[in-house]
Every structure is written in C-alpha cells, then in structure tokens.
Ligand code: MN
Ligand code: MN
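Numbering (the working numbering), first residue to last: 471 to 937.
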C-alpha cells in the first residue's frame with residue numbers, strides 16, 4: 471500500500487484545471503476533429519454572406535430529408551422542417567418523440583459577419599479611377615480592410631422584380647476589388663492619428679476600374695465603362711443598384727494555419743464556427759433526439775439583432791407558437807421547458823495583447839468549446855446571465871458526453887465587452903446560455919480558430935440535442 475500510484479494528491483481532487491485538448495483526446499478523436507474541419511472549411515467558402523449561408527444550409531438539410539415549411543403549415547410528429555426567413559435567416563427543426571411540452575432543444579447562431587455593404591448610390595469616378603462607395607456593416611477596424619483582395623456578393627432586383635445573384639472575385643480567374651491606402655513615404659500625417667481616425671469610413675471605397683469607355687463624346691467614361699460591363703453581364707443599370715444588397719467580403723478561401731495544421735484561417739468564423747456545428751449536429755448520424763430539436767441561423771447579430779431577420783423579431787416566438795398549436799400543446803409551457811445554447815464566438819487569449827485579458831477567466835485556443843455564463847459590459851450591462859442551476863446542468867451534461875469545455879468572460883472587466891442573441895431568447899422565457907468557439911483577431915478580414923474547438927462545439931450542441 472505504499473506505492474506512489476495509489477496516492478491521490480488533494481490538489482488534484484480539489485483544484486479545477488483547464489487543459490489543452492490535445493493532451494486529453496485519443497488519437498482517433500483528434501483525427502475525427504481534423505476530418506470535421508474539412509467540411510467546415512467548405513462551408514466557410516460557400517457561405518460568406520447570410521444569404522449564401524441560408525442557401526448552403528437548405529441544400530444540406532434537403533439532402534437529410536428536411537422539407538420547406540412556412541408559418542401556418544401543418545406539423546407532424548417525427549417531421550423534419552425548415553423555415554426560410556426572407557432568404558437571410560433559417561430555422562431548422564425536427565419534431566421529437568416526446569410531447570413538445572417537454573420543451574425544444576435549441577442551438578442559435580448567426581450567419582451575418584462584419585463586411586462592407588455598397589451604398590444605395592455607390593458608383594462614381596474620381597481622377598479617371600472608378601469606385602464603389604461602401605458603408606461598413608458591424609464592428610470593423612477599418613484600416614484592416616484596405617489593401618486586401620475583396621469579392622462582391624449579393625442580389626440585385628431588376629425592374630421586372632426578378633432577382634440577379636452576383637458573385638465576383640471568388641473564382642481564381644475573377645477580378646477582385648481593392649481599397650487603397652497611402653504609401654508610408656507620404657504617411658507622416660496619417661501616422662500621427664489614432665487608429666480609428668487614420669482610416670475613415672468614407673475612405674472605404676472599392677477601386678473597381680480604370681479603363682475609360684471608348685466613346686470620347688461621353689462623360690465619366692470610367693464609371694460608364696464599369697456600368698456598361700455590369701449591364702452587359704447582368705442587365706443592371708445604376709438605378710438597379712439603389713435597391714441592391716451587395717457586400718464586399720475578403721476574396722480569400724479558408725486555409726489551414728500553422729505547420730501542424732491545427733488551426734483554420736478564414737473570413738467569417740464569427741459566427742459560421744457556431745452555425746456550422748448547429749447544422750452538423752442536427753444532421754449527425756448519431757443524433758437520436760427524443761425532444762424536438764432546432765437550429766436557428768440568425769441575421770443582423772452584428773448590427774444589434776434588429777429588423778425582421780434579427781433575433782429581436784417575433785419569428786422564433788411565432789414559430790414555437792405554431793409548433794405548439796399544431797401539436798396541441800401550450801406555447802408558454804413549450805417555451806418554459808425549452809433550453810438554448812446561444813452559440814457565438816468568444817475572444818481567444820492572445821499573448822501579443824495579453825494586457826486586455828484576465829487569464830483565469832479567459833478562453834484559450836485548443837481548450838475546447840467556451841461557455842460564458844454572462845456577457846455584457848460595464849457591470850454585466852445588457853446580459854441575460856444564465857442561472858447557476860442551468861449552467862450547472864449544462865456542465866454536468868457536457869461532462870457526461872465527454873465534451874471538452876472551458877469557462878470564460880470576454881476580456882478584463884471594463885476593458886470593453888459585447889453581447890449575443892442570448893438576451894433576446896431569454897426574453898421568451900427560455901433557459902439560455904452562451905457557448906462558442908475562441909477566435910483570434912475577431913472581426914478581422916481573416917480570423918483564426920482551432921480545429922479541436924470547433925469540433926467540441928459540434929459535440930456540445932449534439933449533447934444538448936440528444937439530452
Ligand atoms: Mn458573433
Ligand atoms: Mn461579431
């Protein structure tokens with residue numbers, strides 16, 4: 471009885487430790503995570519805007535037998551449905567075997583990302599160069615969007631109400647768009663300014679052409695040449711751009727990062743890194759839910775969740791009401807017994823900027839999916855703050871299902887902060903907690919996540935669906 475193996479250190483029993491998932495996982499599970507990342511990278515490349523994410527998710531769902539549903543349609547036990555909200559938001563749900571009054575298991579992520587939207591009258595010419603003016607969408611560091619290749623994605627409504635989808639800059643033979651910056655040789659004044667003043671919103675103009683239209687009797691010939699090319703290819707005029715939704719996004723594809731390929735560099739991890747797991751868990755072959763389960767892909771999170779495609783709209787309330795009434799249940803009881811993971815990214819600890827973090831309560835790459843009891847700023851302002859009972863039950867569920875998780879706040883107290891859709895779901899009397907994947911350089915044109923963490927987001931959401 472004197473061997474060392476049998477001695478259990480008291481600190482091992484009493485201390486909580488967050489560990490690197492590479493040291494905890496079996497080889498086969500690491501391999502599964504790396505394999506999972508391949509599907510995620512494809513999703514990143516095919517779904518750079520909310521409209522594209524909806525299309526991609528519907529294509530995935532239809533392959534798995536989900537059928538289109540609109541409010542008012544019949545709902546049957548065991549049925550698999552998706553509600554497409556104006557092409558920008560999506561609700562996918564599978565009716566379970568137990569009474570729906572036992573609640574719905576929901577994972578809610580968002581599919582809009584920071585980007586540069588074209589203004590209603592974007593096109594102009596200056597000094598024989600053609601430009602498209604933009605209005606940035608979401609919280610961007612403006613200077614990061616200059617001098618990188620940008621692609622244009624979106625939809626244009628023509629005079630006969632037909633819609634033309636546009637995507638220029640993604641094929642390697644496509645041209646790209648570009649925002650210029652001043653040369654360092656002439657940047658002395660710029661260098662004296664603060665970061666936010668050094669590159670202003672009105673400087674985010676996409677360089678879009680430099681060739682004059684051949685007819686010398688015409689005016690604004692570079693602008694005219696750009697419009698004549700758009701007209702030839704898509705049948706659009708300058709007036710059609712007024713109602714169009716066109717977004718400039720980074721033209722790069724998702725790539726493995728690091729010699730060990732443990733990470734993924736890409737535009738739009740926030741929040742595809744949670745939207746994809748919400749879908750992949752719903753389509754997982756091992757999913758066998760008794761509860762009704764739902765994946766929510768929301769729009770407009772980056773601008774405050776307002777509007778009829780954002781989570782502040784009544785659509786989730788209405789949808790749960792419809793599901794309840796079609797299955798002869800009380801909507802209030804369904805909501806009261808529902809549980810939701812508000813799936814959104816968190817900031818990963820960055821040693822290069824260590825002073826903005828409080829290390830004991832910060833997320834680290836490769837330490838698994840991040841749980842946040844609350845978000846908000848300035849004294850938890852604006853948060854929904856999940857209860858001890860709910861958080862405890864979620865942690866116990868993850869431990870049972872071997873989900874590697876970590877707990878974190880978003881940076882130091884009073885350093886800043888942020889919110890998610892959790893508060894709007896909590897407003898419906900649904901238990902909700904924030905869960906996500908740690909990201910380096912959040913909201914930059916190219917963000918970094920770790921493969922093991924997105925895989926753990928998949929396992930965490932699957933765990934809730936299967937509860
Ligand atoms: Mn987000
Ligand atoms: Mn964000």
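Glycine included, C-beta positions come from ideal geometry on N, C-alpha and C. Predicted, not measured: the structure shown is a model, and the values here were computed from it.
When the five nearest sequence neighbours on each side are left out, the beta carbons in the same chain lying within less than 6 angstroms of the beta carbon of residue 852 are those of 846 and 889, in order along the chain. Residues close to ligand 1 by the beta carbon criterion (under 6 angstroms to any non-hydrogen atom) are, from first to last along the chain, 580, 740, 741, 771, 814 and 815. Cβ neighbours of residue 591 within its own chain (closer than 8 angstroms, five residues either side excluded): 603, 708, 711 and 712.
Pairing residue 808 with residue 801 gives a Cβ-Cβ distance that is not under 8 angstroms. Apart from sequence neighbours up to five positions away, no residue of its chain approaches residue 689 with a beta-carbon distance below 7 angstroms. Between the C-alpha atoms of residue 887 and residue 704 there is a straight-line separation of about 43 angstroms.
Every alpha helix (DSSP H) stretch that sits fully inside the stretch 488-566 and reaches 4 residues is listed by chain position as 497-516 and 520-533.
Cα atoms of residue 837 and residue 563: separation of roughly 30 angstroms, rounded to the nearest angstrom.
Segment contact: the stretch 582-597 against the stretch 890-905, fewer than three CB-CB distances shorter than 8 angstroms; contact not assigned. Distances from the CB of residue 913 to the heavy atoms of ligand 2 include at least one below 7 angstroms. If you draw a straight line from the Cα of residue 536 to the Cα of residue 490, it comes to about 37 angstroms. Shown here for residue 599: same chain residues with a beta carbon closer than 7 angstroms to its own, the five before and five after excluded, namely 677, 680 and 692 in chain order.
Membership of residue 734 in the beta strand (DSSP E) is indicated by the continuous run 733-736. Residue 580 is positioned such that its CB atom lies no closer than 8 angstroms to that of residue 751. Of 706, 499, 877 and 866, the smallest CA-CA separation from residue 625 is found for 706. Contact annotation, residue 766 with residue 786: C-beta distance approximately 7 angstroms; criterion of less than 8 angstroms satisfied.
Judged by DSSP in its simplified three-state form, residue 614 adopts helix. Membership of residue 589 in the beta strand (DSSP E) is indicated by the continuous run 585-596. In the DSSP assignment, residue 816 is bridged to 908. Take the alpha-carbon of residue 779 and the one of residue 492: they are about 39 angstroms apart. Residue 854 is a Cβ neighbour of residue 893, given a cutoff of 8 angstroms. In its chain, beyond the 5 residues on either side, 586, 639, 646, 647, 648, 649, 676, 718, 719, 720 and 721 have a beta carbon closer than 8 angstroms to the beta carbon of residue 620. Counting only residues of its own chain and dropping the five nearest sequence neighbours on each side, residue 566 has a CB closer than 6 angstroms to the CB of 759, 760, 761 and 762.
Residue pairing by DSSP places residue 809 opposite 575 and 901 in a beta bridge. Across the structure, residue 924 and residue 744 are spaced so that their CA atoms are roughly 7 angstroms apart. Secondary structure at residue 791: helix, using DSSP grouped into helix, strand and coil. Residue 526 and residue 517 do touch by the CB rule: their CB atoms are close to 4 angstroms apart, below 8 angstroms. 8 angstroms or more divides the Cβ of residue 559 from the Cβ of residue 814.
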